[in-house]
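Notes to accompany the following structure.
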Amino acid sequence: MSTKGDQTKHLGKQVDRGAMPRRVTSPLDEVLPWVIEFRIVGTASTIQVRVTEVMTIGRSDPERGIEPDINLTPYAAHMMGVSRQHAVIIAKDNSISIKDTGSANGTRLNGYMLTPQQPYRLRHGDELTFGQLTMQVLFAVVPLVKTRRPGDTIIPTIGKGQHVLVVEDDADVASVFGMILEQAGFRVSVVNTGVAAMRILDTDMPAALVLDLMLPDMDGLDLATFIRKNEMDYQRIPVVVVSGATGGFQMNKALEAGVDMFLGKPVGVDELIEAFSRLIPQMV
246 MSTKGDQTKH LGKQVDRGAM PRRVTSPLDE VLPWVIEFRI VGTASTIQVR
296 VTEVMTIGRS DPERGIEPDI NLTPYAAHMM GVSRQHAVII AKDNSISIKD
346 TGSANGTRLN GYMLTPQQPY RLRHGDELTF GQLTMQVLFA VVPLVKTRRP
396 GDTIIPTIGK GQHVLVVEDD ADVASVFGMI LEQAGFRVSV VNTGVAAMRI
446 LDTDMPAALV LDLMLPDMDG LDLATFIRKN EMDYQRIPVV VVSGATGGFQ
496 MNKALEAGVD MFLGKPVGVD ELIEAFSRLI PQMV
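Quick note: the sequence shown uses our numbering, first residue 246, plus one each step.
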């Protein structure tokens, strides 16, 4: 049974995260340099913020010494009803949540008013409204510098040179996933289209596949279905989907297509490693 602290709300519903325990090794930003991109609806303005454990959102007030991490002052925040300390974004347990701190005009997530002081899961593509200021939320990842800093998580060696194919059209995300899996002991190939992935399947069959759903030339689920229905040996390849499309419909469609695991972006390095640890017995 989960406790109240184990639950995160999303659009007024409660999701029991206690049913899916995850091993946490460090904050998200220490291992995967995720960036939250806020696109101000109705304008061409974009705010990019590096993910840290706690990020305050609001408008600055120098006289009171208030300077939020995500400062909406330049976007007519006062006129739009944004409070000085309107909300907070929290990165914890490989997920990101939003919590209204008791603002005067409230916070909406995809049109739903949030209950103050309650965390709600924040997902790629969500829409947040602070007062009357609306922003679209996107997750991106910036390139990693290939040097280890003090306090960085040490990636365990779990592979023995098995070939892993990463199919991801975002070059930065693909590079990060590839580097993590290589450090974990796998041999990694990276492609950005479904057609390129099928060529690899024919010439250098992988032991596992990391797949994004949104590819430039096809739906990632079509590729997963092709693999599962093909009569060749690669129909047994374990498939891990890592996608920002984390709705129930997409997850169900992925499972119907024969996907072994579905991980939502942003994904922490420990979550990715744990997924592959579980799949190793299936790798041939």
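The beta carbon of each residue, even a glycine, is placed where N, CA and C say it ideally should be.
Under 9 Å, do V299 and I281 count as touching if we go by C-beta distance?
Contact check for V299 against I281 fails: the beta carbons are separated by 9 Å or more.
From E519, V512, L466, pick the residue whose C-alpha is nearest to that of S340; which is it?
Taking only the C-alpha atoms, the option nearest S340 is V512.
With DSSP as the reference, identify every bridge partner of L410, one or two as the case may be.
Per DSSP, S434, L454.
How about the stretch 411–420 and the stretch 366–374: do they share at least three Cβ pairs that are nearer than 8 Å?
In short, these stretches do not touch, since the Cβ pair count stays below three.
Answer yes or no: do L426 and V409 have a C-beta to C-beta separation smaller than 9 Å?
For L426 and V409, yes; Cβs fall inside 9 Å.
Along the alpha helix (DSSP H) that carries D467, what are the first and last residues, could you check?
Start and end: 465–474.
Taking the CB atoms as reference points, tell me whether S305 and R329 lie closer together than 9 Å.
Between S305 and R329, the C-beta gap is smaller than 9 Å, which places the two residues in contact.
Three-way DSSP call (helix, strand, coil) for D306 in this model:
The DSSP-derived three-state label of D306 is strand.
Can you tell me whether Q527 is buried or exposed? The criterion is at least 16 other CB atoms within 10 Å of its CB, across all chains shown.
Q527 should be labelled exposed.
Just to check my reading of the structure: I445 and V455 have Cβ atoms closer than 8 Å, yes? What is that Cβ distance to the nearest angstrom?
With a Cβ gap of about 12 Å, I445 and V455 do not count as contacting.
I need the boundaries of the beta strand (DSSP E) containing S522, first residue and last residue.
S522 -> not in any beta strand (DSSP E); alpha helix (DSSP H) instead, spanning 514–524.
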